[in-house]
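In UniProt numbering, the protein residues as written are 1 to 62. Glycine is no exception: its CB is placed at the ideal position from the N, C-alpha and C atoms. Below: the structure, in structure tokens.
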């Protein structure tokens with residue numbers, strides 16, 4: 001099994017995208033183009049958090 005980290009927004013637009021014959025990713029690209037850069041920026045913060053947790057400097061419950 002492969003795990004994927006994806007924004008919740010992908011699931012939120014799934015029905016709208018399907019109605020237009022688009023994948024959720026294509027829908028966001030066409031109708032919410034600002035979403036991509038924002039979500040990639042969030043990945044930087046997630047990466048930093050995961051590094052802190054695995055180095056013992058972070059707290060999983062925070």
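Out of the options, point me to the one whose CA is closest to residue i's CA.
{"i": "residue 36", "options": "50, 47, 9 and 55", "result": "9"}
Pop quiz: residue i and residue j are said to be a contact at Cβ under 8 Å. What is the actual Cβ separation, rounded to whole angstroms?
{"i": "residue 28", "j": "residue 13", "result": "6 Å"}
Taking the straight line between their C-alpha atoms, what separation do you get for residue i and residue j?
{"i": "residue 49", "j": "residue 31", "result": "30 Å"}
{"i": "residue 54", "j": "residue 6", "result": "21 Å"}
{"i": "residue 11", "j": "residue 24", "result": "7 Å"}
{"i": "residue 19", "j": "residue 47", "result": "34 Å"}
{"i": "residue 43", "j": "residue 15", "result": "25 Å"}
{"i": "residue 57", "j": "residue 39", "result": "25 Å"}
{"i": "residue 68", "j": "residue 1", "result": "This structure cannot speak to residue 68, because the chain is shown only from 1 to 62."}
Inset, instruction - At 4 residues or longer, and completely inside the region 7-50: list those alpha helix (DSSP H) runs for me, N to C. - result: Fully enclosed alpha helix (DSSP H) runs of 4 or longer: 8-12, 14-19 and 24-31.
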